[in-house]
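Participant: Residue numbers for the sequence shown follow my numbering, beginning at -6 and rising by one.
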Amino acid sequence: MKKPISQILEHAMKLEKDGIEFYGKASQETAHPLGRQMFLSIVAEEEVHLKELQEMTRELTTPALGGRTGRGKGQTIFDLARHKLQERIAGNPDELEALRIAMEMEVEGFRLYRKMARETSDLQLKAFFDFLAEQENEHFQTLRNTHAYLEHPERWLLWEEEEIADAG
-6 MKKPISQILE HAMKLEKDGI EFYGKASQET AHPLGRQMFL SIVAEEEVHL KELQEMTREL
54 TTPALGGRTG RGKGQTIFDL ARHKLQERIA GNPDELEALR IAMEMEVEGF RLYRKMARET
114 SDLQLKAFFD FLAEQENEHF QTLRNTHAYL EHPERWLLWE EEEIADAG
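Have a look at this one:
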């Protein structure tokens, strides 16, 4: 059964708000300047996504919106991951672990937005959720590249040089 548009948008906005909070905390916990900047960059992108979702909610005037869905706050992947991050980072301030957690979350976000795109019959929402899924994929790629760099800087530089050589 397809969810009402209001429920889809509420869940998506919560996901973005939780992401902003999660990545903001991760940026504070990360000692490496590259990791900190990367997390702050993702925060900025998540803030744009949230504003776009809020604008879409204001613009939609279909009867299906009808107000709150009664789900309350609900739990998102960021709620679950926030606890994981606090546990793992508190005992081990390793940026690589924070990046692994963040990559897992982006994969989950990607899957969730793809599912939301499938569940709506509204073409505008479908396109928007597909766009958000691609953004989550880009975040994953950024996190993966940062992880590769921090884990093995010498290999990462060789990999980047191979990518450039293959393109030419």
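All C-beta atoms, glycine included, are put in the ideal place defined by N, C-alpha and C. In this text the structure is predicted, and so the values were computed from the model without any measurement.
For A5, collect the residues of the same chain with a Cβ closer than 6 Å to its Cβ; drop the 5 residues on either side in sequence, then sort them by chain order.
Facilitator: L46
Participant: On the premise that L92 lies in contact with H140, defined as a C-beta separation below 8 Å, what is that separation, rounded to the nearest angstrom?
Facilitator: 4 Å
Participant: Quick check on the DSSP output: the alpha helix (DSSP H) that includes H42 runs from which residue to which?
Facilitator: P26 to E52
Participant: Assign S114 to one of three DSSP states: helix, strand, or coil.
Facilitator: The answer is coil: DSSP assigns S114 none of H, G, I, E or B.
Participant: DSSP three-state call for T139: helix, strand or coil?
Facilitator: Judged by DSSP in its simplified three-state form, T139 adopts helix.
Participant: Please confirm if the segment 30 to 39 is in contact with the segment 100 to 111, defined as three or more CB-CB distances below 8 Å between the two stretches.
Facilitator: Result no; under three Cβ-Cβ pairs closer than 8 Å.
Participant: With a threshold of 16 other CB atoms inside 10 Å of the CB of K7, please say whether the residue is buried or exposed.
Facilitator: buried
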